[in-house]
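Colleague: Provided herewith is a single structure, encoded as structure tokens, for subsequent inquiry.
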Amino acid sequence: MARPRGRPRHPVVLAVRRAGGRLLARPGRRVRRSPPRVGTRWNPPVIESSDRRQLSDLAIFPLPDAVLLPGALLPLHVFEQRYRDMVRDVLADDRLLGIARLRPGYEADYYGRPPVYDTCGVGVIVADEALDDGRYNILVRGLGRARIEEELAVATSYRRVRARVLPDGRSRRPEVVSATFDQLIALCGRLADAIGDDAEPLCDLMSHAASPAACADLLGAALMRDPDERQRLLETLDPADRLEAVLARVSHLLAKVGPSNTMLN
């Protein structure tokens with residue numbers, strides 16, 4: 013694929029664009045977009061009441077280093093036969109699936125049922141492309157967090173689980189949520205200044221996030237590349253703790269982008 017012409021984009025901007033939700037299809041490919049089951053690009057992700065019932069029998073896609081955070085977009089190329097079967101069935105049903113991260117050591121039983129982390133992301137397939145040879149390209153948007161409670165005995169070639177939703181609740185430290193969110197806004201403003209003219213996607217993300225908790229998820233999805241760090245954020249249920257983790261990441265990035273900038277105290 014040829015690079016776009018013009019000035020190269022800053023890596024932070026590219027990450028935010030990936031998290032923000034633009035699907036780029038190659039010329040000549042027909043991409044089918046699903047009905048609008050979720051809101052506009054920056055609306056807070058939710059698992060609807062009808063979806064909650066489906067978590068009692070949820071298809072999961074176990075992957076080594078993929079972590080789906082609420083609101084984020086995850087493009088996937090599906091080539092194994094068992095997961096082709098899964099995508100076919102999911103598209104014919106409610107389009108919901110769980111993205112479950114494989115635990116270390118999965119290689120020994122990769123084609124069986126290796127252990128996965130208990131906390132997974134639940135998402136909806138918002139765009140899909142069936143290739144002539146049976147493979148799929150799909151785009152999954154995160155709807156929320158869930159905890160896997162039981163793996164089901166099924167006849168399908170892929171895995172299915174019973175899971176329960178992990179909703180965002182009130183923080184144990186509401187005063188920290190407000191203060192940390194204010195710090196995060198200020199720090200992202202400084203990061204935008206350091207990036208320069210390409211900072212518009214970052215500013216859009218900050219201004220359109222519906223809540224501090226949703227903002228933390230979107231920023232974490234855009235700026236945290238390490239799978240362990242992303243998994244920890246997925247498992248962090250208190251919005252105050254989540255905001256503090258993202259604040260630390262943005263501070264670290266700002267220190268790298270602009271040596272003259274210092275971390276917030």
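Heads up: the sequence shown runs through residues 13 to 277, numbered per our numbering. All C-beta atoms in this analysis are idealised placements derived from N, C-alpha and C, irrespective of residue type, glycine included.
1) Need the endpoints of the beta strand (DSSP E) that D77 sits in, please.
2) Between the Cα of F193 and the Cα atoms of L178, R237, Y170, A228, which residue gives the shortest distance?
3) DSSP state of A167, grouped into three classes?
4) Return yes when the Cβ of V134 is within less than 8 angstroms of the Cβ of L67, no when it is not.
5) Pop quiz: V128 and P239 are said to be a contact at Cβ under 8 angstroms. What is the actual Cβ separation, rounded to whole angstroms?
6) Consult DSSP for E92 and reduce its assignment to one of helix, strand or coil.
7) Tell me which residues share the same chain as R113 and place their Cβ nearer than 8 angstroms to its Cβ, disregarding the 5 neighbours each side in the sequence.
8) What's the C-alpha gap between P279 and V262?
9) Taking the alpha carbon of R159 as the reference point, which residue from Y148, A175, L231, I137 has its own alpha carbon closest?
10) Where does R49 sit, in a helix, a strand or coil, going by DSSP?
11) Give me the residue from L259, L246, R254 with the minimum Cα distance to L155.
12) Is the stretch 86 to 95 touching the stretch 161 to 170 in the sense that three or more CB pairs, one from each, lie closer than 8 angstroms?
13) Using 8 angstroms as the threshold, is the C-beta distance between L81 and A221 below it?
14) Report buried or exposed for P224, applying the criterion of at least 16 other Cβ atoms within 10 angstroms of its Cβ.
Modeller: From the atom records:
1) Locating residue 77 in the sequence shown gives position 65, where the first residue counts as 1. Taken as a continuous stretch (DSSP letters only), D77 belongs to no beta strand (DSSP E), as it is neither H nor E.
2) Walking along the sequence shown from the start, residue 193 turns up at place 181. Taking only the C-alpha atoms, the option nearest F193 is A228.
3) Here residue 167 is taken as the residue at index 155 of the sequence shown, counted from 1. In the structure shown, A167 falls within a coil segment according to DSSP collapsed to helix, strand and coil.
4) Residue numbering aside, residue 67 sits at position 55 when the sequence shown is read from its first letter. Residue numbering aside, residue 134 sits at position 122 when the sequence shown is read from its first letter. A contact, by the Cβ cut-off of 8 angstroms.
5) Counted from its first residue, the sequence shown places residue 128 at position 116. Counted from its first residue, the sequence shown places residue 239 at position 227. Not really, about 13 angstroms apart at Cβ, beyond 8 angstroms.
6) Your numbering for residue 92 matches position 80 in the sequence shown. DSSP, reduced to helix, strand and coil, places E92 outside both helices and strands of the structure shown, so it counts as coil.
7) Your numbering for residue 113 matches position 101 in the sequence shown. Excluding positions up to five away in sequence, the list reads P74, L75, P76, D77, A78, V79, V128, Y129, C132, P239, Q243.
8) Residue numbering for the chain in the displayed model covers 13 to 277; residue 279 lies beyond these limits and cannot be assessed.
9) Position 147 of the sequence shown holds residue 159. Comparing C-alpha distances from R159 to each of Y148, A175, L231, I137 shows the shortest one belongs to A175.
10) Within the sequence shown, residue 49 is the residue found at index 37, counting from 1. Reliability fails at R49, whose pLDDT of 34 lies under 50, so the model's placement of it is uncertain and the value that follows must be treated cautiously. In the structure shown, R49 sits in coil (DSSP, three-state: anything other than H, G, I, E or B).
11) Here residue 155 refers to the residue found at position 143 of the sequence shown. Nearest C-alpha to L155 among L259, L246, R254: L246.
12) With a cut-off of 8 angstroms, the stretch 86 to 95 and the stretch 161 to 170 count as touching, because enough Cβ pairs lie within range.
13) In the sequence shown, counting from the first residue as 1, residue 81 sits at position 69. In the sequence shown, counting from the first residue as 1, residue 221 sits at position 209. Their beta carbons are not under 8 angstroms apart, which means L81 does not touch A221 by this criterion.
14) Position 212 of the sequence shown, counted from the start, is the residue given in the question as residue 224. That one is buried.
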